[in-house]
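A.B. asks:
Protein chains: 2
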Amino acid sequence: MSREEILRAAARLVRERGPRALTMRRLAEELGTAVTAIYWHVGNREALLDALVERTLQEFAAIHPTGRTPRTRIVSLARTLRAELRARPHLIAMVHERGLTERLFLPVRQALVKEAQAAGLRGARAAALVRAVEFLVVGSVLVEKVSGPEGERMAADTVTDGAKTGGAVARDAVTPDAVVAGEGDRALERALARPPDPGRLFELSVRAVVRDLLSR
Amino acid sequence: MSREEILRAAARLVRERGPRALTMRRLAEELGTAVTAIYWHVGNREALLDALVERTLQEFAAIHPTGRTPRTRIVSLARTLRAELRARPHLIAMVHERGLTERLFLPVRQALVKEAQAAGLRGARAAALVRAVEFLVVGSVLVEKVSGPEGERMAADTVTDGAKTGGAVARDAVTPDAVVAGEGDRALERALARPPDPGRLFELSVRAVVRDLLSR
DNA sequence: ACCTGAACACCGTTCAAGT
DNA sequence: ACCTGAACACCGTTCAAGT
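Chains as they are written, first to last, in our numbering: chain A, 3 to 218; chain B, 3 to 218.
1. Which residues, in order along the region 93 to 118 of chain A, keep a beta-carbon less than 9 Å from a beta-carbon of chain B?
2. Hey, does F137(B) have any beta-carbon neighbour from chain A nearer than 8 Å?
3. Nearest to T49(B) by CA position, among L24(B), V212(B), L203(B), is which residue?
4. R141(B): buried (16+ other C-beta within 10 angstroms of its C-beta) or exposed?
5. So L138(A) and A80(A) are supposed to be a Cβ contact under 8 Å. How far apart are they, rounded?
6. Does the contact criterion of 3 or more C-beta pairs under 8 Å hold for the region 120 to 133 of chain A versus the region 197 to 216 of chain A?
7. Do you know whose CA, among A195(B), R22(B), M3(B), P200(B), lies nearest H290(B)'s CA?
8. So the candidates are E104(B), R75(B), W42(B), M26(B); which of them puts its Cα closest to the Cα of F62(B)?
9. Can you find a C-beta in chain A that's less than 8 Å from the C-beta of T162(B)?
10. Whose C-alpha, out of V55(B), V212(B), E146(B), T162(B), is nearest the C-alpha of V232(B)?
11. Are the region 35 to 54 of chain A and the region 8 to 15 of chain A in contact at 8 Å, needing three or more beta carbon pairs?
12. CB-CB under 6 Å to E146(A), same chain, minus the five flanking residues each way: which ones, in chain order?
13. Quick check on DSSP: helix, strand or coil for R19(B)?
14. Contact defined as beta carbons within less than 8 Å: I believe V212(A) pairs with R73(A). What is the distance between those atoms, to the nearest angstrom?
15. Thinking C-beta only, is V161(A) closer than 8 Å to L131(B)?
16. Given this structure, state the Cα-to-Cα distance separating G69(B) from R75(B), to the nearest angstrom.
17. Can you tell which of L59(A), I40(A), A134(A) has the C-alpha that lies nearest to the C-alpha of L203(B)?
18. Since I believe E86(A) is in contact with I65(A) (beta carbons under 8 Å), could you give me their beta-carbon distance rounded to a whole number of angstroms?
19. Determine the DSSP secondary structure at G125(B), reduced to helix, strand or coil.
20. Can you tell me where the alpha helix (DSSP H) holding P109(A) begins and where it ends?
21. Can you name the start and end residues of the alpha helix (DSSP H) that L24(A) belongs to?
22. Mind checking if L190(B) is an interface residue toward chain A, Cβ cutoff 8 Å exclusive?
23. Just the Cα atoms here: how many angstroms apart are R100(A) and S4(A)?
24. Comparing the C-beta of D187(A) with each C-beta of chain B, is any distance below 8 Å?
25. What are the boundary residues of the alpha helix (DSSP H) that D199(A) is part of?
26. Going along the chain, which residues of its own chain have a beta-carbon closer than 8 Å to the beta-carbon of E117(A), five neighbours each way excluded?
27. So is R173(B) buried or exposed if we call it buried at 16+ other beta carbons inside 10 Å?
28. DSSP state of A36(B), grouped into three classes?
29. Within the same chain, show all residues whose beta-carbon is closer than 7 Å to that of I94(B), passing over the 5 residues directly before and after it, in chain order.
30. Any beta-carbon of chain A closer than 8 Å to the one on G122(B)?
31. Which ranges does the alpha helix (DSSP H) cover as unbroken runs of at least 4 residues, wholly within the region 64 to 103 of chain B, from first to last along the chain?
32. Is DSSP giving S142(A) helix, strand or coil here?
33. Excluding the 5 residues flanking V37(B) on each side, which residues of the same chain have their C-beta closer than 6 Å to its C-beta?
34. Distance cutoff 8 Å, beta carbons only. Does V132(A) sit that close to anything in chain B?
35. Put S207(A) into one of helix, strand or coil per three-state DSSP.
36. Can you grab the Cα-Cα spacing for the pair A89(B) / L144(A), in whole Å?
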């Protein structure tokens, strides 16, 4: 059994069931070995998790832009960064816990700086572009979580209803009244109920911001 | 010993040293009681954490706007939301883990909807305002983490240097070369080195966005 | 160099028993 | 109604011992 094998099994456990599911004994059982053999290879549980985090950092360091113009390359960086973040929620949380968020973003930030400069931006203007892209990516991923992962979405009626009744949260399921009496703003309700495609929304705002910042 | 007393002690532990520091035995010792007594009051550890999360949700439900015009009231909501999020990183993470981020934001969202309507906004326009504010708050808090909590900030030279050398991360401390040969964009370096006052930056962008969305 | 089993300290939790 | 102590199953980790 190699260190590599251990890391792979551990990564799978974390990815599929979260870091809490990764116990040394379970891992050993899964690998068909004695618990203590793992210790010889990776030190201890904390070091094992650190290694997984390190791996994640390296994957983010491997993000490269595609496209020919600086504009498309910047957008591609944003898009890839977002996708990679979304693909590893547990590991990203672990990076965050260890105070390494900064290191996680560093390579993409460098790439963004490079592209901003290639586009002729300098100084505060270039910095603004870098910040804006990071901001949009992070915000997008998080707002998506706020909107709720598919199905546990906020009931739109609850939102507008609450507003009308002055902030009291309706705990019951939507009553007929709420719907009927709710000649509240239906368009608003619908608009808040779905971010119909967060990906589309993201693309849209990134492109807008980049175009804007590059064309002054 | 009351349930309230237990919750207070537990909340303090979590706030100061994170959820991992909250063990039933430690808590019992701190309260000068038998471990099992705690179980009588709160059920088990998971239920205890749930109660802390519930408390956090209620605190966020108590957020109310201040100010006379819709614009100042919306800005005040954004400001308060941001402050409350920043004050409880561990608890917010726990809310997040439990998939309750949505519920956490609901009351503020309702308040925002109310103010947007008071300002005369309807439909998609009102929704855009609500989304924008949530987005700015969340993005601000997160980008702040990315910039690094005081002192573990990204070395600006590393960023621009990396960009120049094509993405290779300089692991050494800043060498004289890096600084001297670095006729790279000094203004950019400085701009990226500090978000001199994330609070100011936040205020600025929130006000800009709100003003913009309210004045069409 | 690599693996094992026994042992230790620490968990969360249950339960019968006390008052 | 509230608290206790003993006990159980599960942790991470160390260490002496094996090959």
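Using N, Cα and C, we set each Cβ at its ideal position, and we do this for glycine too.
C.D. replies: This is what the structure gives:
1. A95, H98, E99, G101, T103, E104, R105, L106, F107, L108, P109, R111, Q112, A113, L114, V115, K116, E117, A118
2. yes
3. A small correction: the amino acid at residue 49(B) is Ala; Thr does not occupy that position in the sequence shown. Among L24(B), V212(B), L203(B), the Cα nearest to that of A49(B) belongs to L24(B).
4. The sequence given here places Gly at residue 141(B); Arg does not occur at that position. With 16 or more Cβ atoms within 10 Å of its Cβ, G141(B) is classed as buried.
5. 7 Å
6. yes
7. Because chain B is modelled from 3 through 218, residue 290(B) falls outside the range shown and cannot be assessed.
8. E104(B)
9. yes
10. Missing from the structure shown is residue 232(B); chain B here goes from 3 to 218 and no further.
11. yes
12. P200
13. helix
14. 6 Å
15. no
16. 5 Å
17. A134(A)
18. 7 Å
19. helix
20. 103 to 120
21. No alpha helix (DSSP H) contains L24(A), which DSSP labels as neither H nor E.
22. yes
23. 26 Å
24. yes
25. Per DSSP, D199(A) belongs to no alpha helix (DSSP H) and is neither H nor E.
26. P67, P72, R75, I76, L79
27. Confidence at R173(B) is low in this model, with a pLDDT of 35, below 50, so its placement is unreliable and no value can be given for it.
28. coil
29. L87
30. no
31. 72 to 89, 91 to 99
32. helix
33. M26, R27, A30
34. yes
35. helix
36. 18 Å
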